[in-house]
Amino acid sequence: MAALGSPLRTLRGLLRELRHANERSGRSYREMPAYRHIVAAFRAHRVTSEKLCRAQQELHFQAATYLCLLRSVREHAALHREYHGKGERSPEEVAGLVGFRLPQQPGGKA
Amino acid sequence: PPERKRFYQNVSISQGEGGFEINLDHRKLKTPQAKLFTVPSEALAIAVATEWDSQKDTIKFYTMHLTTLCNTALDNPTQRNKMQLIRAAVKFLETDTVCYRVEEPAALAELQKNEWDPVVTWAEERYNVAIGSSTSILGPNIPASTKETFVSHLASYNMWALQGIEYVITQLKSLILSMGLIDRHITVEKAVLLSRLEEEYQIQRWGNVEWAHDYDLCELRARAAAGTLFVHLCSESSTVKHKLLQD
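Chains as they are written, first to last, in our numbering: chain A, 114 to 223; chain B, 77 to 323.
Laid out in structure tokens, this is it:
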């Protein structure tokens, strides 16, 4: 089984991502169908008897995978906005992207 | 082309004859080929609905990986049947990333051995097959019996799940890493790291370029995660409407 870490941490991460996804809506993130589904699933599998162990692991893997999806989509969109969505950059900005500064010419020319 | 503005207030799910449907206000979501968008699993429908409800002012289709996967399963635009999908998937084994080794530089060869040998061994033991690895430009020589074992195994998945499996394989460029994910042996983060091992090696040597490297990393993680989740949600017998999945 994959090394997944703590289920509680995964759950917290998921709730954080759902809050991010819900920012625009004006409703509480607790009304999201995804929130209800995830919380219900975690509650239903809380019993720690041996015979549920495999089902718990499957649920945790699914939750961790969904968390990875939500987080990666958000991070990718942020990078897209930052680097690909800004339109024309000035020469100074472009130079700055790769760690350079434009030389200063005497007489005040850039 | 300008991005499509978000044209709906509310996203909801309803249950129809064929499965679960997505409603954007009062409109039922359709596929690109204008079929009714119906999914066999409630959890999958919820996740798709969440993609649509997460859109802010404009609809960014390139972020909606689960929706895309469902559209592919419903429309089957490449018109492939189950056996064609399976053969395409298994063919990847011949050029599987984790089997293709370099001899130089020594540090990269060592990294590949340390990181990739365990997952190849896992696959060999789990499926009782011979795979191996190779430094030849022709790649590893995969025995026919190994391919047939994987063909048999993949045949046990329904058409929807297979679309997902083939998608993950294409993204990661590896059947072995994909099976590692499907079998829950490795996490998405690990699978993506292993898929991008050479890039990660170069990044460690030469430095990270956020707008290229992290961008690609996040995109691959998102796609691999979506594909894996899609496969699992389409395979759970307790939650799946079998009628929709008849091959």
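Note that the Cβ used here is the ideal one computed from N, Cα and C, for glycine as well. Bear in mind that the values here come from a model prediction, so they are computed numbers and not experimental data.
Asked                                                                                                                                    : Found
Contacts that lysine 136 (chain B) makes with chain A (C-beta to C-beta distance below 8 Å)                                              : Ala190
Contact belief for isoleucine 122 (chain B) with proline 204 (chain A) at Cβ below 8 Å, rounded distance in angstroms                    : Their Cβ separation, rounded to whole angstroms, is 48 Å, which puts isoleucine 122 (chain B) and proline 204 (chain A) out of contact at 8 Å.
Among B:Ile245, B:Arg202, B:Glu265 and B:Val115, nearest to isoleucine 98 (chain B) - alpha-carbon criterion                             : B:Val115
Threonine 154 (chain B) burial status per 10 Å Cβ neighbour count (16 or more: buried)                                                   : exposed
Local conformation of valine 87 (chain B) per DSSP, three classes                                                                        : strand
8 Å Cβ shell around glutamate 79 (chain B) - same chain, five flanking residues per side excluded                                        : Thr134, Ile135 and Lys136
Proximity of cysteine 166 (chain A) and valine 264 (chain B) at Cβ, strictly below 8 Å                                                   : no
Proximal residues of chain A, C-beta to C-beta of isoleucine 262 (chain B) below 8 Å                                                     : Ala115
Residues of the stretch 99-127 of chain B whose Cβ lies closer than 9 Å to any Cβ of chain A, in chain order                             : Glu118, Ala119, Ala121, Ile122, Ala123, Ala125, Thr126 and Glu127
Any C-beta of chain E under 8 Å from that of alanine 134 (chain A)                                                                       : Absent from the structure is chain E; the protein chains it does hold are A and B.
Inside the stretch 212-253 of chain B only - alpha helix (DSSP H) runs reaching at least 4 residues                                      : 220-231 and 235-248
Cβ-based contacts, 8 Å cut-off: residues of the stretch 190-219 of chain B near chain A                                                  : none
Inter-stretch contact at 8 Å, needing at least 3 Cβ pairs: the stretch 215-227 of chain B / the stretch 167-177 of chain B               : yes
Rounded Cβ spacing between leucine 305 (chain B) and tyrosine 243 (chain B) (contact assumed at less than 8 Å)                           : Rounded, the Cβ-Cβ distance is 11 Å, inconsistent with contact.
Proximity to serine 138 (chain A) [Cα-Cα], best of B:Arg82, B:Phe113 and B:Arg156                                                        : B:Arg82
Neighbourhood of asparagine 86 (chain B) by C-beta distance below 7 Å, restricted to the same chain and skipping five residues each side : Asp101
Length-filtered (4 minimum) alpha helix (DSSP H) runs lying within the stretch 252-306 of chain B                                        : 264-271 and 273-282
Burial state of asparagine 234 (chain B), where buried means 16 or more other Cβ atoms lie within 10 Å                                   : buried
Distance between alanine 165 (chain B) and glutamate 295 (chain B) (C-alpha atoms, nearest Å)                                            : 21 Å
Runs of beta strand (DSSP E) wholly within the stretch 98-151 of chain B (minimum 3 residues, chain order)                               : none
One or two residues paired with serine 210 (chain B) in a DSSP bridge                                                                    : B:Tyr176
Where serine 185 (chain A) falls, given that 16 or more other Cβ within 10 Å makes a residue buried                                      : buried
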